[in-house]
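J.:
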Amino acid sequence: MSSGKKMWTAASLAAVVLLIATACGGVGADGDVKLRFSYWGTDVRQKRTEEAIKKFEAKNPAIDVVAEFSGFGSYYETLSTKVASSDAPDVITLEIRGLREYAERGTLADLSGKVDTANLDGKVLTTGVIDGKQFAIPTGVNAWSLVADPKAIAGAGQKLPQDTTWTWDDYVDLAASITAKTGGKVYGTQQAFNPAFLQIFAAQRGESFYDGNKIGMSPDTLKAWWAVHRKVIKTKGSPDVSKSVELGGQGVDRSLFATGNGAMGMWWSNELGAINKASGGKEVDLLRMPKVQGAAAGGMFLQPAMFYTASSKSKHPAEAAKFIDFMVNDPEAGAIILSDRGLPANSQVLAAVRAKLPETDKKTLAFLDEIKGELTNPPAAPPKGASAMEEILTRYTDEVLFGRMSPDDAAQKFITEANALIAG
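So that you can map any letter, position 385 of the sequence shown is 385 in the UniProt record's numbering, and since no number is skipped, the others follow by simple counting.
1) Skipping 5 residues on each side, what residues in its chain have a beta carbon closer than 6 Å to that of Arg45?
2) Determine the extent of the alpha helix (DSSP H) in which Leu247 is found, giving its start and end residues.
3) Note down, in chain order, each residue of its chain lying with its Cβ closer than 6 Å to the Cβ of Leu247, except the 5 sequence neighbours on either side.
4) My output table needs one value for Thr167: the three-state DSSP class, helix, strand or coil.
5) Counting only runs of 3+ residues fully inside the segment 98-152, write out the beta strand (DSSP E) ranges in chain order.
6) For Ala203, which three-state DSSP category applies?
7) Measuring only between beta-carbons, confirm whether Ala310 sits less than 8 Å from chain B.
8) Is it true that the CB of Phe323 sits closer than 8 Å to the CB of Val65?
9) So, helix, strand or coil for Lys413, using DSSP?
10) Per DSSP, which residues does Ala264 bridge with? Please list them.
11) Out of curiosity, what's the CA-to-CA distance linking Leu287 and Asp240?
12) Are Phe414 and Thr93 close, meaning C-beta to C-beta below 8 Å?
13) Suppose contacts are defined by Cβ-Cβ distances below 8 Å. Is Leu99 in contact with Phe69 by that definition?
14) So what does DSSP say about Leu272, is it helix, strand or coil?
15) Excluding the 5 residues flanking Gly212 on each side, which residues of the same chain have their C-beta closer than 7 Å to its C-beta?
16) Looking at C-beta atoms only, is the number of pairs between the segment 142-157 and the segment 249-269 that lie closer than 8 Å three or more?
17) When DSSP builds the beta bridges, which residues end up paired with Ile215?
18) Between Met289 and Leu146, how many whole angstroms is the CB-CB distance? I'm expecting something under 8 Å.
19) Would you check if there are 3 or more beta carbon pairs closer than 8 Å linking the segment 169-189 to the segment 369-381?
20) Just verifying my parser: in three-state terms, what is the DSSP assignment at Ala29?
21) With DSSP as the reference, label Thr78 as helix, strand or coil.
22) DSSP state of Arg45, grouped into three classes?
23) Would Gly251 and Thr360 qualify as a contact pair, given that the criterion is a beta-carbon distance under 8 Å?
24) Please name the residue in Leu79, Asp285 and Lys236 whose C-alpha comes closest to that of Asp173.
25) What are the partner residues of Asn346, as DSSP defines its beta bridges?
26) Whole alpha helix (DSSP H) runs in the segment 272-329 with 4 or more residues, listed along the chain?
27) For the alpha helix (DSSP H) that Phe367 lies in, which residues bound it at each end?
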């Protein structure tokens, strides 16, 4: 073989190697590590995240972070396709409901000892542990809470509830009174059908949503939960069934708060700022959830707003862990992201950015500080299949509220279908 032929072969091989490395998001022509990071959210989150990425790249000039951003609606479908085709991003944002599914199929890397967790709440951190491995790091925390508009309540001639003692009957009565006193111009409350609400309600009755790989709630608890919804509608404390169901599937920007027609509702605590903005700057307060009469515990809990995870197939595990560490532990990242991914999970970062938080976030932080001694332990990552649980619960809730199925039948069928889904 001629020397010219040898040189041509070597050059070709080098080009092929370079193309493969670039296609895999590995190392670019300039030698920088290409790190892919997937997440979902709003335009505000995208802007803040891009700013944080620039800060990370400035501190780590040999790492180039390529963001893969989308709206929430298409996020998991796109991610699932990438994972199935062995094209998973290096750093993946996940919710708790899909964590076990991705961890148990071998998609995620064990981050134990790879990310500094010394200043993270130990109980919240355990929600990212599966089979003894730390597959996920919490981005921040929030709590499912009752949101109230004090002026709307006062305008209806009513008083803010004593939220340390109020019951579901008190909640129903207050909602009905607000609607009645305003002639229907302001509804007492907006209905919520989120599984987090049912989880809290079940805990007040001494039950858990999940018990291992099966539903831990009794049919009676489901029926009692639906009874609260039905009573609120019957007493006109909320809009009728059609409108309540429609509102339940929409974001805060289309809520009764946004249109000035609601006095109460239920959302995650980190949504308080968005609710404030959607309502035109109205002052809104967070309250404890009402309780089942005689409940020993309120059932409220802290939950990671979302998690950072790393792909087990990443060619750059050290750099992936370094990026996660920065996003969770660096005060400069915290000062950019603030509460967009929940109030910072790192106590030192939270302390560093506390003064920079918007007033609504300071209010959220004060509320969580107030109730922290009452909170139950954060629930563990739910079983595989739980990502579809909200759709199933919503479907049977609709059947009950529209009167197409009796609560007895719906409760039995929900538990049967849900158990079949998560049994594996």
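All C-beta atoms in this analysis are idealised placements derived from N, C-alpha and C, irrespective of residue type, glycine included.
T.: The structure says:
1) Translated into positions along the sequence shown, residue 45 becomes position 45. Same-chain partners within the cutoff: Asp340.
2) Start at 1 with the first residue of the sequence shown, and residue 247 comes out as number 247. Counting along the chain, the alpha helix (DSSP H) containing Leu247 begins and ends at Val241 to Gly248.
3) In the sequence shown, the residue the question calls residue 247 occupies position 247. These residues qualify, in order along the chain: Gln190.
4) To locate residue 167, count along the sequence shown from 1; it is residue 167. Strand.
5) 140-142 and 144-148
6) Counting from 1 along the sequence shown, the entry for residue 203 is found at position 203. Reduced to three states, the DSSP call for Ala203 is helix.
7) Looking for chain B here will not work: only one protein chain is present.
8) Looking up residue 65 in the sequence shown gives position 65. Looking up residue 323 in the sequence shown gives position 323. Yes; because the gap between Cβ atoms is below 8 Å, this pair is in contact.
9) Within the sequence shown, numbered from 1, the residue matching residue 413 stands at position 413. If DSSP states are grouped into helix, strand and coil, Lys413 belongs with the helices.
10) As a first step, residue 264 must be located in the sequence shown, where it is residue number 264. Ala is not the amino acid found at residue 264; the sequence shown has Met there. According to DSSP, Met264 bridges with Ala148.
11) For the purposes of this step, residue 287 is taken as residue 287 along the sequence shown, with counting starting at 1. For the purposes of this step, residue 240 is taken as residue 240 along the sequence shown, with counting starting at 1. If I take the Cα positions, the gap works out to 24 Å.
12) Start at 1 with the first residue of the sequence shown, and residue 414 comes out as number 414. Start at 1 with the first residue of the sequence shown, and residue 93 comes out as number 93. No.
13) As a first step, residue 99 must be located in the sequence shown, where it is residue number 99. As a first step, residue 69 must be located in the sequence shown, where it is residue number 69. Cβ atoms of Leu99 and Phe69: not closer than 8 Å.
14) Counted from its first residue, the sequence shown places residue 272 at position 272. Leu272 falls in the helix class under three-state DSSP.
15) Your numbering for residue 212 matches position 212 in the sequence shown. Excluding residues within five positions, none has a Cβ falling inside 7 Å.
16) yes
17) On the sequence shown, position 215 is the one that residue 215 refers to. Partner(s): Tyr210.
18) Residue numbering aside, residue 289 sits at position 289 when the sequence shown is read from its first letter. Residue numbering aside, residue 146 sits at position 146 when the sequence shown is read from its first letter. Yes, Met289 and Leu146 are in contact; Cβ-Cβ is about 5 Å, under 8 Å.
19) no
20) Position 29 of the sequence shown, counted from the first residue, corresponds to residue 29. Here Ala29 scores only 45 on pLDDT, less than 50, and its place in the model is too uncertain to base an answer on.
21) Residue mapping note: residue 78 aligns to position 78 of the sequence shown, counting from 1. In this structure, Thr78 counts as helix in the three-state DSSP scheme.
22) Looking up residue 45 in the sequence shown gives position 45. Helix, per DSSP.
23) The count along the sequence shown starts at 1 and reaches residue 251 at position 251. The count along the sequence shown starts at 1 and reaches residue 360 at position 360. Taking 8 Å as the Cβ cut-off, Gly251 and Thr360 do not qualify as a contacting pair.
24) Taking the sequence shown and counting its residues from 1, one reaches residue 173 at position 173. When only C-alpha atoms are compared, the closest one is Lys236.
25) Translated into positions along the sequence shown, residue 346 becomes position 346. The partner list for Asn346 (beta bridge, DSSP) reads Leu120.
26) 272-278 and 317-329
27) Here residue 367 corresponds to residue number 367 of the sequence shown, with the count starting at 1. Unbroken alpha helix (DSSP H) run through Phe367: Glu359 to Ile371.
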